[in-house]
Amino acid sequence: MRVHVESQLDCSAQTAWEHVKTSAMLVAVSQPMVDLRPLPGEEFPEIWQQGMTIRCRSFLFGFLPQGTRELYFERVDDTAREIQTREHDAMIRRWDHLIRVQFVSEEANQKSTCLYSDTVEINAGWLTLGVWLFASCFYRHRQRRWRRMAATFSSGENS
């Protein structure tokens, strides 16, 4: 099953992209619905890099453990402003996540805007429908947080 959510952000595509690539932003937009933590003795990188594999623990609402999740960063494309991950855990066989940031407008004396989208392909066997429902809510939550944060990024862009 597929989830696709997109939002217009009040910041430039390049500014959004620079934030998309950071571990700090992933953690910030996921909370408080999902709390992602590196495995004990490991750290998240400052910037996601193509080819890297990260293992982490996830907790619903900060306290309900969801097990260990593996994220493989198949593609981090600065030109297209896209990240493609292949993710899975004990419950979810396939969670293929495409993040895309697209230019919308950047005019003199106007706020810059961009389009941010999350597209996720999910396969969790007989749990797929429930996981899809969760993912639909989760990505809407993430994008609400993205919209709030993007407004703060743009305060210095087009004064």
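Numbering (our numbering), first residue to last: 944 to 1102.
The beta carbon of each residue, even a glycine, is placed where N, CA and C say it ideally should be.
Only a predicted model underlies this, so the values are computations on that prediction, with no experimental measurement involved.
For residue i, which three-state DSSP category applies?
| i | result |
| --- | --- |
| Phe-1081 | helix |
| Ser-1102 | With a pLDDT of 39 at Ser-1102, under the threshold of 50, the modelled position of this residue cannot be trusted, and the question is left open. |
| Thr-1095 | helix |
| Glu-989 | coil |
| Gln-974 | coil |
| Thr-958 | helix |
| Gly-1010 | strand |
| Thr-1062 | strand |
| Leu-982 | coil |
| Arg-1024 | coil |
| Arg-1088 | helix |
Who does residue i pair with in a DSSP beta bridge?
| i | result |
| --- | --- |
| Cys-1057 | Leu-952 and Phe-1046 |
| Ile-1035 | DSSP, once it has assigned bridges, lists no residue as partnering Ile-1035. |
| Val-1019 | Ile-1026 |
Grab me the residues of residue i's own chain with a C-beta within less than 6 angstroms of its C-beta, minus the 5 sequence neighbours each way, in chain order.
| i | result |
| --- | --- |
| Arg-945 | Glu-1064 |
| Leu-915 | In the structure as shown, the chain begins at 944 and stops at 1102. Residue 915 is therefore absent and cannot be evaluated. |
| Ala-1094 | Asp-953 |
| Phe-1002 | Asp-978 and Pro-1008 |
Under 8 angstroms between the Cβ atoms of residue i and residue j?
| i | j | result |
| --- | --- | --- |
| Arg-1000 | Pro-988 | no |
| Val-1047 | Gln-951 | yes |
| Gly-1010 | Asp-978 | no |
| Ile-1042 | Asp-1061 | yes |
| Val-970 | Tyr-1082 | no |
So residue i and residue j are supposed to be a Cβ contact under 8 angstroms. How far apart are they, rounded?
| i | j | result |
| --- | --- | --- |
| Glu-1030 | Arg-1012 | 6 angstroms |
| Gln-1045 | Phe-1016 | At roughly 20 angstroms, the Cβ-Cβ gap does not stay under 8 angstroms, so Gln-1045 and Phe-1016 are not in contact. |
| Arg-936 | Ile-1026 | Past the edges of the chain, shown from 944 to 1102, lies residue 936, and the structure says nothing about it. |
| Ala-959 | Cys-1057 | 5 angstroms |
| Trp-991 | Ser-955 | Trp-991 to Ser-955, Cβ: 20 angstroms. No contact. |
Grab me the residues of residue i's own chain with a C-beta within less than 7 angstroms of its C-beta, minus the 5 sequence neighbours each way, in chain order.
| i | result |
| --- | --- |
| Phe-1004 | Pro-975 and Met-976 |
| Trp-1089 | Ser-950, Leu-952, Val-972 and Tyr-1059 |
| Ser-1102 | With a pLDDT of only 39 at Ser-1102, under 50, the local geometry of the prediction cannot be trusted, and no value is derived from it. |
| Val-1074 | Ile-1035, Ile-1065 and Ala-1067 |
| Ala-1078 | Val-946, Val-1063 and Ile-1065 |
| Leu-1070 | Met-1034 |
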